[in-house]
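Quick note on my numbering: the sequence shown kicks off at 749 and runs consecutively.
Every residue, glycine too, gets a C-beta built ideally from N, C-alpha and C.
Remember, predicted model here, so these are calculated numbers, not experimental data.
In what follows, a structure is listed as structure tokens, so that the remarks can point back to it.
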Amino acid sequence: MRFPAEPFKIKVVEPLRMTTQPEREQLIREAGYNVFNLPAESIYIDLLTDSGTAAMSDRQWSGLMVGDESYAGSRSYYRFEETVHAIFGFKHIIPTHQGRMAENLLFTSMVRPGDVVPNNIHFDTTRANVEHNEGIALDQVIDEAYDPKAEHPFKGNMDLRKLAETIRREGRERIPLVMLTITNNSGGGQPVSLENIRQTKLLLSRYGIPLFFDACRFAENAFFIQEREAGYQDKKISDIVREIFSYGDGCTMSAKKDGLVNIGGFIATNDDQLAEKITNLLILVEGFPTYGGLAGRDLEAMAIGLQEVLDEEYLRFRVGQVRYLGELLDNAGVPILKPIGGHAVYLNAKEFLPAIPQEQFPGQSLVVALYREYGIRAVEIGTLMFGKKDPATGKIICPELEMVRLAIPRRVYTNMQISYVAESIIELFRNRNRVRGLKLVYEAPVLRHFTARLEEMGS
Ligand code: F0G
């Protein structure tokens, strides 16, 4: 079989309302050509994010019933703590309501103004939380990560030369920790190799700098290691995961990805003093340490999800389904980022719509066309998200990459629905001359892509 079929059957279904093209035409116009403003009910296939969108299993749903809602010492917490400890190996496990709260507590506890925090590539919220503490967030991924065509098996790897240079330049005192994001979301869901993790740890231990993982998609990263890294083909995913985290001093986790839940996260660390500091802050902003910002039932569902995500059949299907979509597009000549990542396929909008200048948002134009014509919601990662106005000339400064991310929710869509997505995009690619550029009519001063309003050129 070229790609694995679903290793589950469907027990509960959520009907999807099919909309017509004229309906969507009106809805997208009313939404200011911004898919964040659309009612989710008007979407057929929603590929906005893989975060918090997973389908839980029957075991997770039954876990919700046995969740213990005690304020302190909840049985569900102990179960959660035991599970995370067994999988990741860290000493202190502190639940939070999602990933960015884990980041906030970690950086508030570790980063002083002027400190430098290197990462392969910081995810938006990680960067924002470092900067919120007046630290400097540095991206030190290998150069190949910035070339959408470079076929590197571990394109998320840290560039050890860049990292060593940063440590020499800044000095150990200004670097409270180094992070590794697995898989590297902002670089296209690309994995980090165990060899690179080992070497990063080796370099950092010479200076006594702690290594933390941004572990959101740790199981998908482990799957790529098993598939691609010499010596790991016969290792179990759970053993690869244990080895990854054995090189770390802790991690932040958004369980909304590889925790297979709709809400949840945690911080883990081996450092007693750090754990104490974070716990005190947690009580102030989230809740008592045996529930974080969650209900007991959420902890129960997270513990079960974290075990299910290590299932090799599941992972083969999961990464295989994303790859299936990517390969259908690639074989039809649709320009995508290579290699295909673990959680999403990225369309290269500059090549998809070469007639639309980057100042007219080709990525967003593609997103609009996918919704209007096919009811598919994707997300732009390009000029709308990262473009800046030059204060002197008023001209838009465009980012290097103009991408559209098709993030696949876990266990939600069938391969037939994924085929529908592929066929739609291929059809649009063949008729790409009909896609029009956009112009901004409203933008907020920060994070403008969430609330921006646009109009079609020539309308
Ligand atoms: N780190 C990474 C690598 C992420 O991808 C995300 C979220 C977070 C941290 C923050 O976690 O949302 O639970 O607070 N990524 C989502 C996405 C939003 O669509 O890629 P959170």
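Backbone CA spacing between residue i and residue j [nearest angstrom]
{"i": "isoleucine 1031", "j": "histidine 845", "result": "13 angstroms"}
{"i": "methionine 749", "j": "phenylalanine 1065", "result": "Because the pLDDT of methionine 749 is 45, which lies under 50, any placement of that residue in the model is unreliable, and the number read from its coordinates should be weighed accordingly. Methionine 749 and phenylalanine 1065: Cα-Cα distance of roughly 12 angstroms."}
{"i": "phenylalanine 1177", "j": "glutamate 1060", "result": "35 angstroms"}
{"i": "tyrosine 1184", "j": "leucine 1058", "result": "Tyrosine is not the amino acid found at residue 1184; the sequence shown has arginine there. So the two alpha carbons sit approximately 44 angstroms from each other."}
{"i": "glutamate 882", "j": "phenylalanine 1134", "result": "21 angstroms"}
{"i": "arginine 848", "j": "glutamine 1165", "result": "31 angstroms"}
{"i": "asparagine 1096", "j": "asparagine 932", "result": "18 angstroms"}
{"i": "aspartate 1020", "j": "glycine 821", "result": "20 angstroms"}
{"i": "tyrosine 1039", "j": "aspartate 816", "result": "10 angstroms"}
{"i": "valine 859", "j": "glutamate 921", "result": "11 angstroms"}
{"i": "glycine 800", "j": "aspartate 806", "result": "17 angstroms"}
{"i": "leucine 1101", "j": "serine 1113", "result": "9 angstroms"}
{"i": "alanine 963", "j": "threonine 1131", "result": "28 angstroms"}
{"i": "asparagine 1028", "j": "tyrosine 825", "result": "18 angstroms"}
{"i": "tyrosine 1161", "j": "glycine 935", "result": "24 angstroms"}
{"i": "glycine 1142", "j": "leucine 1186", "result": "17 angstroms"}
{"i": "proline 1105", "j": "arginine 965", "result": "34 angstroms"}
{"i": "aspartate 982", "j": "phenylalanine 972", "result": "13 angstroms"}
{"i": "glutamate 771", "j": "leucine 1073", "result": "27 angstroms"}
{"i": "alanine 694", "j": "serine 810", "result": "Examination of residue 694 is not possible in this model, given that the chain is present from 749 through 1207 alone."}
{"i": "leucine 928", "j": "aspartate 794", "result": "28 angstroms"}
{"i": "methionine 766", "j": "arginine 1196", "result": "30 angstroms"}
{"i": "valine 761", "j": "methionine 804", "result": "12 angstroms"}
{"i": "arginine 916", "j": "isoleucine 884", "result": "16 angstroms"}
{"i": "tyrosine 894", "j": "lysine 1137", "result": "23 angstroms"}
{"i": "asparagine 877", "j": "phenylalanine 855", "result": "7 angstroms"}
{"i": "alanine 788", "j": "aspartate 1006", "result": "23 angstroms"}
{"i": "glutamine 1108", "j": "proline 901", "result": "33 angstroms"}
Proximity to residue i [Cα-Cα], best of the options
{"i": "glycine 780", "options": "Val1189, Val1194, Leu1195 and Gly979", "result": "Val1189"}
{"i": "isoleucine 1011", "options": "Glu892, Tyr995 and Gly1053", "result": "Gly1053"}
{"i": "asparagine 1181", "options": "Glu1099, Ala1200, Arg860 and Met1050", "result": "Glu1099"}
{"i": "proline 866", "options": "Leu1202, Ala1003, Glu913 and Leu1095", "result": "Glu913"}
{"i": "arginine 1159", "options": "Val1070, Val1169, Leu1085 and Val926", "result": "Val1070"}
{"i": "glutamate 1191", "options": "Arg1184, Glu1203, Gly1185 and Val1183", "result": "Glu1203"}
{"i": "proline 843", "options": "Gln1055, Ile1174, Pro1102 and Met1001", "result": "Met1001"}
{"i": "arginine 724", "options": "Asp794, Ile758 and Arg827", "result": "With the chain covering only 749 through 1207, there is no way to say anything about residue 724."}
{"i": "isoleucine 1156", "options": "Asn782, Ser790 and Ile1088", "result": "Ile1088"}
{"i": "valine 1127", "options": "Thr767, Val783, Gln1055 and Pro755", "result": "Val783"}
{"i": "glutamate 943", "options": "Gly998, Ile988 and Tyr955", "result": "Ile988"}
{"i": "alanine 753", "options": "Pro1193, Arg1196 and Asn1163", "result": "Asn1163"}
{"i": "isoleucine 1129", "options": "Val1093, Thr767 and Tyr1122", "result": "Val1093"}
{"i": "glycine 837", "options": "Pro901, Asp997 and Arg917", "result": "Asp997"}
{"i": "tyrosine 819", "options": "Ala1043, Ala1103 and Met1205", "result": "Ala1043"}
{"i": "arginine 777", "options": "Val1116, Asp1138 and Pro924", "result": "Val1116"}
{"i": "serine 1167", "options": "Leu1077, Leu1063, Gln938 and Asn877", "result": "Leu1077"}
{"i": "isoleucine 835", "options": "Leu775, Glu1056 and Ile923", "result": "Glu1056"}
{"i": "valine 864", "options": "Ile1173, Glu879 and Ala850", "result": "Glu879"}
{"i": "leucine 952", "options": "Ile791, Ala898, Ala970 and Val926", "result": "Val926"}
{"i": "glutamate 892", "options": "His870, Gln938 and Tyr1062", "result": "Gln938"}
Bounding residues of the alpha helix (DSSP H) (the contiguous stretch that carries residue i)
{"i": "isoleucine 1015", "result": "Segment 1013-1017 is the beta strand (DSSP E) holding isoleucine 1015; no alpha helix (DSSP H) there."}
{"i": "histidine 900", "result": "Element bounds for histidine 900: n/a, residue is neither H nor E."}
{"i": "histidine 840", "result": "Looking at the DSSP string, histidine 840 is not in any alpha helix (DSSP H); the run it does join, the beta strand (DSSP E), is 840-844."}
{"i": "serine 1167", "result": "1163-1178"}
{"i": "phenylalanine 971", "result": "966-976"}
{"i": "asparagine 1212", "result": "The structure shown does not extend to residue 1212, since the chain is modelled only from 749 to 1207, so the question has no answer here."}
{"i": "alanine 885", "result": "Premise fails: alanine 885 lies in the beta strand (DSSP E), 884-887, not in any alpha helix (DSSP H)."}
{"i": "proline 1070", "result": "Rather than proline, the amino acid found at residue 1070 in this sequence is valine. Segment 1060-1079, the alpha helix (DSSP H) holding valine 1070."}
{"i": "glycine 998", "result": "It is not in any alpha helix (DSSP H) - glycine 998 instead sits in the beta strand (DSSP E) that spans 998-1002."}
{"i": "valine 1152", "result": "Unbroken run through valine 1152 is the beta strand (DSSP E), 1151-1155; no alpha helix (DSSP H)."}
Presumed contact (8 angstroms Cβ cut-off) between residue i and residue j, rounded CB distance
{"i": "leucine 786", "j": "arginine 1125", "result": "7 angstroms"}
{"i": "glutamate 968", "j": "valine 1067", "result": "6 angstroms"}
{"i": "isoleucine 1015", "j": "leucine 853", "result": "6 angstroms"}
{"i": "arginine 946", "j": "tyrosine 980", "result": "Not a contact, Cβ separation roughly 12 angstroms."}
{"i": "isoleucine 985", "j": "glutamine 974", "result": "6 angstroms"}
Enclosing beta strand (DSSP E) for residue i [first to last residue]
{"i": "valine 865", "result": "864-867"}
{"i": "threonine 929", "result": "926-929"}
{"i": "glutamate 1121", "result": "It is not in any beta strand (DSSP E) - glutamate 1121 instead sits in the alpha helix (DSSP H) that spans 1110-1122."}
{"i": "phenylalanine 960", "result": "959-962"}
{"i": "leucine 1186", "result": "1186-1190"}
{"i": "arginine 1201", "result": "1201-1204"}
{"i": "glutamate 1128", "result": "1127-1129"}
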